[in-house]
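Written below as structure tokens is the structure these notes are about.
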Amino acid sequence: MYAITGITGKVGDAVARTLLAGGQSVRAVVRNADKGQVWRKRGCKVALATIEDAASLSAAFQGAEAVFVLVPPNFDPSPEFSDAREIGKALHSALAAARPKRVVYLSTIGAQAREMNLLSQHSIIEKAIDDLPMPITFLRPAWFMENCRWDVAPARETGVVPSFLQPLDKPVPMVATADIGKLAAGLLQEKWEGHRVAELEGPTRVTPNQIATTFAKLLGKPVRMKVVPRESWDALFRSQGMKNPVPRMRMLDGFNEGWIEFERKEAGSQKGSTTLETVLKSLVEEDPKVLTK
Ligand SMILES: NC(=O)c1ccc[n+]([C@@H]2O[C@H](COP(=O)([O-])OP(=O)(O)OC[C@H]3O[C@@H](n4cnc5c(N)ncnc54)[C@H](OP(=O)(O)O)[C@@H]3O)[C@@H](O)[C@H]2O)c1
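The sequence shown begins at 4 in this note's numbering and counts up one residue at a time.
Okay, structure coming up:
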């Protein structure tokens with residue numbers, strides 16, 4: 004049995020569906036019993052747990068062949084990353100108590116970077132569980148193509164998409180969550196020793212301008228990207244309610260300046276097969292009014 008956290012989100016859903024399609028048994032770890040119902044109907048057992056609570060997590064991990072650990076995104080962490088430190092402690096305690104045979108932890112590209120940024124949350128949690136005795140794979144995917152969900156409305160309504168990734172012709176490592184799910188499901192079923200890192204991106208790197216031309220093709224209208232000037236980010240993010248925009252800004256700097264990168268660079272990362280066009284098409288189709296062709 005494989006215990007899957009974050010199963011109601013994008014990556015967890017893809018991991019669980021891949022395992023179920025392969026005839027594997029899945030325990031859906033949810034924080035809301037109602038959200039567990041759909042997974043029960045798909046044949047899963049359901050456990051209730053939150054990522055901050057070691058006792059419920061430990062119970063959810065008991066008896067698992069392998070555990071998929073997904074920490075929910077936090078775009079506005081406290082300056083000391085206290086949430087990540089607390090989650091690291093809870094996870095350590097839960098895994099040490101439940102002792103699953105193997106763990107796949109969903110981390111991120113650039114978790115090895117020394118500069119403080121939003122992704123430091125994963126560096127902290129990786130470190131917090133790194134002394135556990137069971138085999139662990141730190142799965143480090145690229146920027147999710149699904150982040151373009153926020154670009155659909157501006158592309159459709161104005162044909163101008165604001166871009167924090169810049170310059171607009173710089174290729175960025177990106178990946179579809181479907182490919183992360185497939186790789187994670189495979190890793191959970193592998194046997195390995197010790198702790199290791201798996202790095203994953205899509206078939207090719209993607210520039211912001213390519214995102215615009217792909218939207219233009221799908222929407223049947225001109226679409227272009229527009230740089231959001233770096234000097235406006237702090238005020239913009241604060242106006243959107245963020246209390247501590249610096250980690251997010253430094254993460255964007257890291258992608259733009261190239262210091263958020265795979266340890267083994269592009270040549271050493273695994274490659275998924277899902278293209279940007281496939282992902283953008285599904286994002287556009289989420290709202291049928293959007294698709295004009
Ligand atoms: N976006 C990127 O470009 C990128 C790149 C690399 C790595 N990552 C990492 O990928 C992860 C996000 O994956 P995703 O996009 O699949 O997430 P997602 O779609 O936002 O889903 C988040 C999941 O976490 C669950 N959750 C939220 N709060 C929880 C809590 N307190 N305890 C337990 N579960 C909780 C949610 O459950 P509910 O349904 O109950 O809310 C949901 O299942 C993050 O760790 C992020 O840092 C993201």
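Cβ atoms here follow ideal geometry from the backbone N, Cα and C, with glycine treated the same way.
Bear in mind that the values here come from a model prediction, so they are computed numbers and not experimental data.
Whole-number beta carbon distance between residue j and residue i, since they are thought to touch under 8 angstroms
i, j, result
"residue 210", "residue 239", "Actually they are not in contact, since the Cβ atoms of residue 210 and residue 239 sit about 22 angstroms apart, beyond 8 angstroms."
"residue 187", "residue 64", "Contact flag wrong, Cβ pair sits at about 16 angstroms."
"residue 166", "residue 230", "6 angstroms"
"residue 265", "residue 202", "4 angstroms"
Beta-carbon proximity of residue i to residue j, cut-off 8 angstroms
i, j, result
"residue 60", "residue 109", "no"
"residue 23", "residue 46", "yes"
"residue 287", "residue 163", "no"
"residue 112", "residue 176", "yes"
"residue 192", "residue 259", "no"
"residue 90", "residue 54", "yes"
"residue 52", "residue 32", "yes"
"residue 263", "residue 254", "yes"
"residue 19", "residue 185", "no"
"residue 57", "residue 30", "no"
Contact test: residue i Cβ vs ligand 1 heavy atom, cutoff 7 angstroms
i, result
"residue 140", "no"
"residue 10", "yes"
"residue 268", "no"
"residue 22", "no"
"residue 180", "yes"
"residue 150", "yes"
"residue 34", "yes"
"residue 204", "no"
Per DSSP, the bridge partner or partners of residue i
i, result
"residue 140", "107, 199"
"residue 147", "178"
"residue 96", "DSSP output for residue 96 lists no bridge partner at all."
"residue 166", "230"
"residue 209", "175"
"residue 204", "274"
### Query
What are the start and end residues of each continuous alpha helix (DSSP H) run of 4 or more residues lying completely inside the segment 7-81, in chain order?
13-24, 36-44, 57-64
### Message
I'd like the ranges of any alpha helix (DSSP H) spanning at least 4 consecutive residues and lying wholly in the segment 246-283.
### Response
249-260, 268-271
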